[in-house]
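Chains as they are written, first to last, in the working numbering: chain B, 5 to 356; chain E, 3 to 376; chain U, 956 to 1108; chain C, 97 to 296.
Backbone N, C-alpha and C define an ideal beta-carbon position, used for all residues, glycine too.
Encoded as structure tokens, the structure appears first; notes follow it.
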Amino acid sequence: MTANNTIITDFLMNEMHLTADLAFWVEIVVVAAVYLGVFAVLGLFLVWMERRVAAFFQLRLGPNRRGPAGIFQTVADALKLVSKELTGTEKRDRFLYTIAPYFVIVTALMALAVLPFSYELQAFDINLGVFFITSVSSVAVIGIFLAGWASNNKFSLIGGMRSGIQMISYELSTGMVIVAMAVLTGTLQLSEIVGYQQEHGWLILSGHIPAIIGFMIFMIAGTAESNRTPFDLVEAESELGSGYHSEYSGMNFAYYFLAEFVNMFIISAMAVILFFGAWLSPFGITDGIPYVGVIWFVIKTLGIVFVMMWFRWTFPRFRIDQLLTLEWKYLIPISMVNIVLMAIVVWLGLTF
Amino acid sequence: MGNQQFLADKIRTEEYLLNMGPQHPATHGVMRMVLKLDGEEIRDVEPVMGYIHRSIEKMCEHVSYKQAIHLTDRLDYLSSHMNNEAVALLVEKAAGIEVNDRIKVIRTIMAELTRLASHQLWWAVMGMDTGALTTFFYGFRDRELINDIFEETCGSRLTMNYSLIGGVRYDLHENFVKRVKDFIAHFKKKLPEYDNLLSNNVIFRKRTEGIGILTKEQVIDFGMNGPTARASGFACDIRKKLPYSAYDKVDFQEILATEGDAFARYKVRILEMWESMSIIEQLIDNIPEGEHRVKTKAVIKLPEGEFLQRVETARGDLGVYVISDGKKNPYRLKFRSPSFANMHGLNTMSVGTKIADLVVNFSTIDVVVPDIDR
Amino acid sequence: MGNTELKNIIGSWSENLTFVEEGSEFLIVEVPANELRDIAEKLKTNKDTAFDYLFSLTGVDYGTELGIVYHIESTTHNHMIVMKVKTEDRETPNFDTVTDIWAAAYFNESEAYDLFGIKFNGHKNLRRIFLDDDWKGWPLRKDYVDEFNMLTR
Amino acid sequence: MEKTRITMGVDVKNMETELGNEFPGNVIPAANGGNIVVTKLDAAINWGRKHSLWSLYFGTSCCAIEMMQTGAPRHDYSRFGFEVARVTPRQADLIIIAGTITVKMAPVLRRLYDQMAEPKYVIAMGACAVSGGPFYFNSYSVVRGADHVIPVDVYVPGCPPRPESLLDAMFELQNKITEESMAHRVNNNPIDGFDEGTTK
């Protein structure tokens, strides 16, 4: 928390006459509720955006009957998923089967809480922000792995195994790209990264060549991290059917469905923070006005989300051994060299 | 590779069976493949068919020749016109019915249009099997134009029942020629689009080149045919070997490749689409005048003996073998199905490869399951 | 190569072969069951005939006897021959398999077994491929009656 | 004016009786939907269910091609939100039987239907799924109509039916879902006396 008592605590203490620490706890609950709302609305919006963008690429109209441009289509989906029966295989591992979706949801929410939507709108500003996001999103692998194992279905077992290998190996290159950017900015705290970009301009410009290499590696590894084509071997439509979540129905499946889209949002949000100056307007035109940063942040993130959706509708899928050779033989060496290159650039002071 | 052997002894791995069951996106219908897997490596593929066995051969023994034609549509529904034509040609040759040139040219144009529609659907689903979902919609967009042509002339979009014994059911619609020319002009611009989207895509190339290699001897030994066999260099195009209808009056090139891997089978079908378009162009301008149907007796009885007619459908050469004892319905009617023959090569192709390769191999041999099960 | 030269070459291999030419455009060779394998072997390996492409293998029920019709084609000389094999015994009809000569016979023989009940000794995996394993009777035989499933019209 | 029925020279009187008794197996009546009392909550849930029917990836023969054409750009059922075709029966709530159901396929279809999560609907697409279609006579391995195996909500005639008629069937199903009430659905399970179309 930047200031020790923010607007909400002041409001609670003065009007509602609560004691300091009670206001503190109530404020946490309020912020948590707001973020849950943001999470749900974001998930529904992204699903709708995915279906419209898919239709745009595939020469068809996409959902346009429910609401002006079909925006209530995903609301209908959510309403239906809420009221579906929760079936599952008989001999599933009951405890792990029920726990698995919550890993994925909780990690997506935790990562969402740290994102700097704008100078004032940031729930937590811990000083190892970026490192926190990567470590939290690596916990999501457990959710997918457990789903694959616990649902007693050979296809989901293969899907779970594939997700284990893929997510772990692609975290290496994302981690190394973050190390490279940390070398440039000198800090891991998100607000300080944004502060650095306020003076030196966006990192993709100030870090020129190594930053661009880092951005490309980050985009590849990020798409793999969120299990999207061309890396969607985990729930490969034509090989494994629905992969790890083939035995989940109703609300359990909805958790996985939403978490996948929110993960995509988080990955593109990280790309925006690390490379395109999170909530900074292009030439600092609206930086002064409070709360306007959110609009820039969302615009840039949705731009990158659009690019990731673009990948999905153009590229075919990798095979499992091609996927691993791409990571271990190409991406990791390049990102290591990138760190050294960035260090040299920073040491010689060639950054803008 | 010392430690590989060391690991192999230490870690006890076990093979397990996986059912790529009757309901699976990669099986294009209801075909079950029992895979013996070691991790993701396939040790053995054993197809279990019969989930759509509708006993068409038993039914053909109870129906007359004219009625048997309408059952052939449901065999390989993607080349339904060629199936009808096969039985019609057989009965005409056996009963000595002469058809004029107009009927031959119409049948050839319709056959080539069906081949184009079938290859478009194959390309659409091939892209989906490798993961590029947009190809599905590009392929079906162009297929709709062919459906319009068929609907206007033959009355139905998919199972046409258009060619009968002694000719075709209706004469050509007056704007048939215009529609076909528009379609050819449209598709000549769109086919290069297919190449840009999928054929030249580096991931697709990596997924298909060098996968599921079949040599020419293997293809002949397995009795395979159609574009799958021509990709390994075996010249088995019935339109060239035993020309029927108007194929002797058209000069076209039989597409042959030599590598025999999944990408060769893909390339053969794409080039065959160009050939089909050139055949249609050669025929569409000079369709001879004449009756669209020759007078035939109400009940056609074939003389005693046995007859064989072979036709090149989109999947390979379909053989119709009839043993007739002079009565109005055949004593025994056997359809030699091209997809059934192509299934023999699947096991050798995919032993030692991964599940993803099996999906690619299976969609490059372009199988229609009711054609297998009959 | 025309039918007559084929007849002379094949006729030289064994006496009890009967040749039929009318009623079909290809030469028909009727082979006794016990000589099926070596005639098939010779057809494939002999340089002049070189029948290496088994086009189709059809089971036929001739009323009293059960038979298999082999359509074999040569990809080099481009001619085709029809080889027929018959057996009187309807309870356990069996022939020798030709899968090791032409691999194309693998599923075709399973189909003939499934629909006609003709067993092939030496076939690696002879099973019912089209019908359920517990299906009683052989459907494509002329004397097959299934009053429940089949409404004959 | 008495409605005349065009029977095209087929004397309908004994045709029904002739076909009627030899129709093997009995037909399972479809249970869900079609009653009056719909509360506010039902209306909201039904609106959600009605407009997000995710179909199962299941097509046996020729009708599957017409089903794909309905998904293609021209007839495009993604305008109504149907285009999410799930592969696993767990997440699908509509099974479109596109093609013939043979005796060997009936138990598989039966198991798929059991695996689907509860508010599930069935569309029998094409003459083969409705009544065995062209394979009604002289065929020993075709189940004459998918309603011997699972209860069917909407029948779509045609061989193969045009994409427009499949879309119309989906709207028909949507109308049926609107009058559905959750109370009625829970207590009676339509599939007690089911038969797989093979036993008498």
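Quick one: does residue i have its CB under 8 Å from some CB of chain C?
i               : result
E124 of chain B : no
V32 of chain E  : yes
M61 of chain E  : yes
H121 of chain E : no
E154 of chain E : no
Q62 of chain B  : yes
Return no unless some Cβ of chain U is closer than 8 Å to the Cβ of residue i.
i               : result
N117 of chain C : Any reading at N117 of chain C is ruled out, since the residue's pLDDT is 44, under 50, leaving its predicted position unreliable.
L310 of chain E : yes
I222 of chain E : yes
Spell out whether any CB of chain B is found under 8 Å from the CB atom of residue i.
i               : result
N203 of chain E : yes
P215 of chain C : yes
F154 of chain C : no
A134 of chain E : yes
P305 of chain E : no
H55 of chain E  : no
Which of the three DSSP states is assigned to residue i in this structure?
i                : result
E17 of chain E   : coil
D131 of chain E  : helix
K84 of chain B   : helix
L125 of chain B  : coil
S1011 of chain U : strand
M33 of chain E   : coil
A1059 of chain U : coil
D75 of chain E   : coil
L216 of chain E  : coil
F254 of chain E  : coil
S57 of chain E   : coil
A233 of chain E  : coil
S210 of chain B  : helix
E54 of chain B   : helix
Between which residues of its own chain and residue i is the CB-CB distance below 7 Å, once the five residues before and five after are set aside?
i               : result
E277 of chain E : F254, Q255 and I257
M130 of chain E : T137 and F138
F235 of chain B : Q170, T227, A228, F322 and L327
F189 of chain E : D144 and M279
Going straight from the alpha carbon of residue i to that of residue j, what length do you get?
i                : j                : result
G144 of chain C  : L83 of chain B   : 5 Å
R312 of chain E  : S339 of chain B  : 60 Å
V239 of chain C  : F1071 of chain U : 22 Å
A59 of chain B   : L65 of chain B   : 6 Å
I32 of chain B   : L46 of chain B   : 21 Å
G328 of chain E  : L304 of chain E  : 5 Å
I130 of chain B  : S139 of chain B  : 14 Å
F1006 of chain U : L982 of chain U  : 13 Å
L174 of chain E  : I286 of chain E  : 12 Å
E268 of chain C  : S261 of chain C  : 10 Å
V1024 of chain U : D1088 of chain U : 25 Å
Checking contacts by CB at 8 Å: is residue i closer than that to chain E?
i               : result
R170 of chain C : yes
P67 of chain B  : no
T227 of chain B : no
Along the beta strand (DSSP E) that carries residue i, what are the first and last residues, could you check?
i                : result
A194 of chain C  : L190 to A194
N149 of chain E  : Segment T136 to C156 is the alpha helix (DSSP H) holding N149 of chain E; no beta strand (DSSP E) there.
F1050 of chain U : N1049 to D1051
F1075 of chain U : K1074 to N1076
Looking only at its chain, what residues have a beta carbon closer than 8 Å to the beta carbon of residue i, apart from the 5 residues adjacent to it on each side?
i              : result
V65 of chain E : L73 and N331
Which residues in the same chain as residue i place their Cβ atom closer than 6 Å to its Cβ, once the five residues preceding and following it in sequence are excluded?
i               : result
I182 of chain B : V134
First and last residue of the alpha helix (DSSP H) that includes residue i?
i               : result
Q311 of chain E : Looking at the DSSP string, Q311 of chain E is not in any alpha helix (DSSP H); the run it does join, the beta strand (DSSP E), is G307 to E314.
M20 of chain B  : Segment: none, M20 of chain B is in no alpha helix (DSSP H) and carries neither H nor E.
V143 of chain B : G133 to A154
Y174 of chain B : K158 to T189
D993 of chain U : L991 to T1000
For the region 326-343 of chain E, which residues have a beta carbon sitting closer than 8 Å to at least one beta carbon of chain A? Among the protein chains of the structure shown, namely B, E, U and C, there is no chain A.
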